[in-house]
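Engineer: This is the structure I want to talk about, given as C-alpha cells.
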Amino acid sequence: MGIHFIVTQGGEMFVYEEMLDLYKKHKDIYFQVYTNGTLINKQMAKTLVKLGNVAPMVSIEGFKETTDRRRGRGVFDKIMQAMDNLRQAGCFFGASVCQTRYNTEEILSDEFFEMLLDKGCFIVWFFQFLPIGKDPDIEFMATPEQRHRLWKKTRDVRSRLPIFIGDFWNDGPFVGGCIAAGRRYAHINNKGDVEPCAFVHFSVDNIKEKTLRQALNSDFFRFLRSRQPFSNGNLFSPCMIIDDPDVLRQAVVKTGAHPTHEGADVILNGHVKAALDEYSQKMLGITAPIWETVKDKNIKWPD
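Numbered per the numbering used here, the sequence shown spans residues 318 to 620.
What follows is the structure, given as C-alpha cells:
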C-alpha cells in the first residue's frame, strides 16, 4: 500500500522487546517510537543506531519538577540520561511534549528549547492534552489562548533555532487540516480496532477481521473524510475533537461507531461535551481572523 512511515506507542514500547525484531525485519519502513525513555540504556541506544530505521521520541513535560509531578519521581533524571545515551551513540531522536494548562510557561521558554538542543534533540513534537479516556480532567486542557501562544512560539523558534518543530494541531495549514480517518493516517490500537487517529477512540472495524484497505473505506472513515477539512475549512482549527466536535458526534451516530474502551464516549455527552463546545468556539474566535488573512493568498495548501 506504499506505507513507509509507522508510529508506535504504548504504554511503553521498549517493554515489548519483540518490536526490535519487527524493526529489523522491515528495513524499508521508518518507525517513530514514542517512549518514556526509562529503558533506553547505552546498549539500547547502540541497538537503535545499528537498526538505523528507528527514531525514539522521548516524552517530557517540562523541567524536573513538572515532569516528575506527572510522570513519577525520578523520571526526569532518567529522561536526561536516555537522551545522553542516544546522543553519545549517534542516534537520531526527538522529544514529545504535551501542552497543558499548567506547563505552558515552561515549555514555551527559551530555556526549555535550549535544554533539548543541548541534549541533542533534532525534533520536538507538541501535542495538546485532550479530555479523552476514562474520567478526563477538563481543567488540565491548555486554554485556547495558551494554544495560540504555542503557535506564535513555534513560529519564533523555527526562525532562529536549529531544531524541527511539529505542532500537531496548530500546524494544520501545512497538511491541509486533519489527516485522520485514512486521509494520510489512521490508528490501530492494541486490540486491533482501527480508529481514525490515536485520540479518537471509536471504531467500526478490527484489523483481525478485515483488511486495512477495507477498514480505511468504512462508512465511518468515508464520512469523516467527506467533512475534511473541518471547521468550515479553517485549517488553524483542524480537529474533530476540540475544534469541530459536532463532526465526530455526527459520525458516531450516523455510522454506528462504537467506543473502543470503557469511558471513551464521555466526550460525546455531559460536561465534557459542553466544555468542548465552549473551547471550540473560543478557539474559532482566535483562529478565524488569522485564517481569513491568509486563506486566499497564493499559498499552495495540500489537497
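Don't be surprised by glycine CBs; every beta carbon is placed ideally from N, CA and C.
Computed from a predicted structure; not experimentally measured.
Give me whichever residues DSSP pairs with residue 578 in a beta bridge.
Structural biologist: Answer by DSSP bridge pairing: none, since residue 578 is not bridged.
Engineer: Just confirm the distance between the C-beta atoms of residue 380 and residue 357, as a whole number of angstroms; I'd bet it's less than 8 angstroms.
Structural biologist: 20 angstroms between Cβ atoms; not a contact.
Engineer: Measure the CB-CB distance between residue 362 and residue 420 and report whether it falls below 7 angstroms.
Structural biologist: The answer is no: Cβ separation not under 7 angstroms.
Engineer: Would you kindly work out how many angstroms separate the C-alpha atoms of residue 360 and residue 397, rounded to a whole number?
Structural biologist: So the two alpha carbons sit approximately 16 angstroms from each other.
Engineer: Could you tell me the alpha carbon to alpha carbon distance between residue 575 and residue 324, rounded to whole angstroms?
Structural biologist: Approximately 24 angstroms between the Cα atoms of the pair.
Engineer: Report the three-state DSSP secondary structure of residue 523 (helix, strand or coil).
Structural biologist: Three-state result, residue 523: strand.
Engineer: What does the alpha-carbon distance come out to for the pair residue 582 and residue 320?
Structural biologist: Residue 582 and residue 320: Cα-Cα distance of roughly 30 angstroms.
Engineer: In whole angstroms, what is the alpha-carbon distance linking residue 370 and residue 464?
Structural biologist: When rounded, the distance between both Cα atoms is 32 angstroms.
Engineer: Taking residue 499 as the reference, which of 560, 478, 350, 532 has the closest Cα?
Structural biologist: Among 560, 478, 350, 532, the Cα nearest to that of residue 499 is on 532.
Engineer: With distance defined between alpha-carbon atoms, name the residue in 350, 593, 341, 486 nearest to residue 328.
Structural biologist: Checked all of 350, 593, 341, 486; the closest Cα to residue 328 is 350.
Engineer: Which runs of the beta strand (DSSP E), 3 residues or longer, sit entirely within the region 349-398?
Structural biologist: Taking only runs of at least 3 residues, the beta strand (DSSP E) segments lying wholly in the region 349-398 are 371-376.
Engineer: Please name the residue, chosen from 539, 537, 508, 610, that lies closest to residue 524 on a Cα-to-Cα basis.
Structural biologist: Of 539, 537, 508, 610, the residue nearest in Cα terms is 508.
Engineer: If you follow the alpha helix (DSSP H) that residue 543 is in, where does it begin and where does it stop?
Structural biologist: Segment 536-544, the alpha helix (DSSP H) holding residue 543.
Engineer: Whose C-beta lies closer than 6 angstroms to the C-beta of residue 355 among residues of the same chain, with five residues either side of it excluded?
Structural biologist: Only 395 meet the Cβ criterion.
Engineer: When DSSP builds the beta bridges, which residues end up paired with residue 347?
Structural biologist: Partner(s): 322.
Engineer: Three Cβ pairs or more, each shorter than 8 angstroms: is that satisfied between the region 534-548 and the region 485-500?
Structural biologist: Flag = yes, the region 534-548 and the region 485-500 touch.
Engineer: Of the residues 517, 422, 505, which one's Cα is nearest the Cα of residue 527?
Structural biologist: Taking only the C-alpha atoms, the option nearest residue 527 is 505.
Engineer: Where does the unbroken alpha helix (DSSP H) through residue 429 begin, and where does it stop?
Structural biologist: Looking at the DSSP string, the run of the alpha helix (DSSP H) that includes residue 429 is 427-436.
Engineer: Over what stretch of residues does the beta strand (DSSP E) that includes residue 489 continue unbroken?
Structural biologist: Where residue 489 is concerned, there is no enclosing beta strand (DSSP E), although the alpha helix (DSSP H) it sits in stretches over 489-492.
Engineer: Counting only beta-carbon separations shorter than 7 angstroms, does residue 357 have a partner in chain D?
Structural biologist: Note that chain D does not occur in the displayed structure, where there is just one protein chain.
Engineer: So what's residue 504 in DSSP terms, helix, strand or just coil?
Structural biologist: If DSSP states are grouped into helix, strand and coil, residue 504 belongs with the strands.
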